[in-house]
Amino acid sequence: MIVWSRGSARAFRALARKCVAGRPRGPAPVVVFEVRAGTLTVWTRTADAGLAYTAPTDGTDRRLLVPMATLADVEGGGDEPVEWGVETPLTGTARWADRGVPRTTSFDAVRPDKSHRLPGLPDEWHPVPDGFVSALHECGRTAATEPARFALNRVQVRGATGQVIGTDGRSALVCGGFTLPFRDDVLIPAVPVFGAREWTAEPDVRVGRAGGHLVVAAGPWRVFLSIDTAGRYPDVAGLVPKTATTTIEIADGDAAALAVNSPRSGGRDRRRSVTLDTGGGVAVRAKDEATGRSSRSAWPGRPRLARPSR
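Just so you know, the working numbering puts 213 at position 150 of the sequence shown, and the rest follows in order with no gaps.
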């Protein structure tokens, strides 16, 4: 019998859905429970990434394969422990209490094969600041949803320069300042999992390389990102000017006000380009793709500088 809580099942299923770039394709993946040397590892693999959760546990070494849908059956809103086990070679059960009421659900156990083996871990972990997780998330949001001549649906991680880059061919985001344990450039899937609170709230972030994967770990969670060795990526960093003639820093409150008061462009493309006009003030200009008309925000304002009196 393997014990794993309803809250963990809920978080795992939510994160597994975010380990997919774009819309899910095909059937839901199977979930592997494995107890080895006092450690429980819960693992699944989507078409784009692998997700693992680890925690200390009691009991003998064992392995159990469970359909992803069974996690939805038990998760609920509480965090009560769930006992997972196999009654017959092809039938499993999950037992828990919901507000004191015993509950049981049965599932078809899956026969293990080579594809269900747990992935290898990096020989060495390298700590990185939590900004690395934010960079993976934001660059993933900037990436294209579909591949083209270049692998714009990927995120580029440049080991030698310590940069994370995402582009859809129209706009680009370059995040730098990271020290990484490798020198080459790698392309990884642009998955939204790194925007989840399980990652953003965890200060202990580590990275490593293992078996063709870039592995990112935070607390009990690990994500295995397959490295794309066939894709080509544009030299985005080379296109960014080394020096900028104008620099704008926008506070969070001002950014929210600009978003509300900015002119609306045609369509529903949230990634449309806008222009920050700094001539005599700061304003937002946008073009309606349907009519070709340009408009300017109604709240241009004037630059203001406040100095404390001495």
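Beta carbons are placed, not taken as given, at the ideal position from N, Cα and C, and that holds for glycine. None of these values were measured; they are calculated from a predicted model.
Excluding the 5 residues flanking residue i on each side, which residues of the same chain have their C-beta closer than 8 Å to its C-beta?
i, result
"Arg88", "Ala110"
"Leu374", "Summary: the structure shown does not reach residue 374, with the chain confined to residues 64 through 373, and so no result is reported for it."
"Gly139", "Arg69, Arg73 and Asp161"
"Leu78", "Leu114, Val256, Ala259, Glu261 and Trp284"
"Thr154", "Ser169, Phe170, Asp171 and Ala172"
Under 6 Å from any heavy atom of the ligand ADP, does the C-beta of residue i make it?
i, result
"Gly148", "Questions concerning the ligand ADP fall outside what the structure shown contains, since it holds no ligand whatsoever."
What would DSSP say about residue i, mapped onto helix, strand or coil?
i, result
"Gly155", "strand"
"Pro182", "coil"
"Ser328", "Because Ser328 sits at a pLDDT of 47, beneath the cut-off of 50, its placement in the model cannot be relied upon, and the following sentence gives the value as read from the coordinates. The answer is coil: DSSP assigns Ser328 none of H, G, I, E or B."
"Arg260", "helix"
"Gly381", "For the chain, the structure presents residues 64 to 373; residue 381 sits outside this window and is missing."
"Leu128", "strand"
"Val234", "It should be pointed out that residue 234 corresponds to Ser in this sequence rather than to Val. Three-state result, Ser234: coil."
"Phe170", "strand"
"Phe213", "coil"
"Pro356", "As written in the sequence, residue 356 is Arg, which differs from the Pro given in the question. Correct three-state label for Arg356: coil."
"Leu114", "strand"
"Arg108", "strand"
"Ala79", "helix"
"Pro87", "coil"
"Ala300", "helix"
"Thr102", "strand"
"Thr338", "strand"
"Gly316", "helix"
"Gly70", "helix"
"Gly229", "strand"
Which same chain residues end up closer than 6 Å to residue i when comparing Cβ atoms and leaving out the 5 residues on each side of it in sequence?
i, result
"Arg373", "For Arg373, the predicted model reports a pLDDT of 41, less than 50, meaning its position is unreliable and no value from the coordinates is stated."
"Asp247", "Gly222"
"Leu103", "Ala118 and Thr120"
"Met64", "Glu146 and Gly148"
Roughly how many angstroms lie between the CA atoms of residue i and residue j, to the nearest whole one?
i, j, result
"Gly229", "Asp267", "24 Å"
"Gln219", "Arg73", "31 Å"
"Val249", "Pro304", "23 Å"
"Thr168", "Gly148", "11 Å"
"Asp142", "Thr263", "21 Å"
"Leu114", "Arg285", "6 Å"
"Asp171", "Pro90", "15 Å"
"Pro276", "Pro185", "Looking at the sequence shown, residue 276 is not Pro but His. Their backbone Cα atoms lie some 9 Å apart in a straight line."
"Val164", "Ala157", "14 Å"
"Arg108", "His200", "19 Å"
"Thr306", "Glu312", "16 Å"
"Val254", "Val83", "6 Å"
"Pro244", "Ala314", "33 Å"
"His179", "Glu187", "24 Å"
"Gly122", "Pro192", "35 Å"
"Arg204", "Ala132", "28 Å"
"Ser197", "Thr151", "45 Å"
"Asp176", "Gly240", "42 Å"
"Leu302", "Leu339", "20 Å"
"His189", "Phe96", "27 Å"
"Asp231", "Trp159", "46 Å"
What residues are listed by DSSP as bridge partners for residue i?
i, result
"His200", "Paired residue(s): none; His200 is not in a bridge."
"Ile251", "Val218"
"Leu277", "Arg272 and Leu288"
"Val164", "Asp161"
"Phe245", "DSSP output for Phe245 lists no bridge partner at all."
"Gly148", "Thr156"
"Pro119", "Thr102"
"Glu97", "Thr104 and Arg126"
Assuming residue i and residue j make a contact with CB atoms under 8 Å, what is their CB distance in whole Å?
i, j, result
"Pro443", "Val66", "In the structure displayed, the chain extends from 64 to 373; residue 443 sits before or after that span and is not available."
"Ala346", "Arg356", "Not a contact, Cβ separation roughly 16 Å."
"Ala280", "Gly183", "About 13 Å separates the two Cβ atoms, so there is no contact after all."
"Ala214", "Asp291", "6 Å"
"Leu288", "Ala100", "That belief does not hold up - the Cβ atoms of Leu288 and Ala100 are roughly 26 Å apart, past 8 Å."
"Asp124", "Val105", "Their Cβ separation, rounded to whole angstroms, is 15 Å, which puts Asp124 and Val105 out of contact at 8 Å."
"Ala300", "Thr224", "7 Å"
"Arg217", "Ala206", "7 Å"
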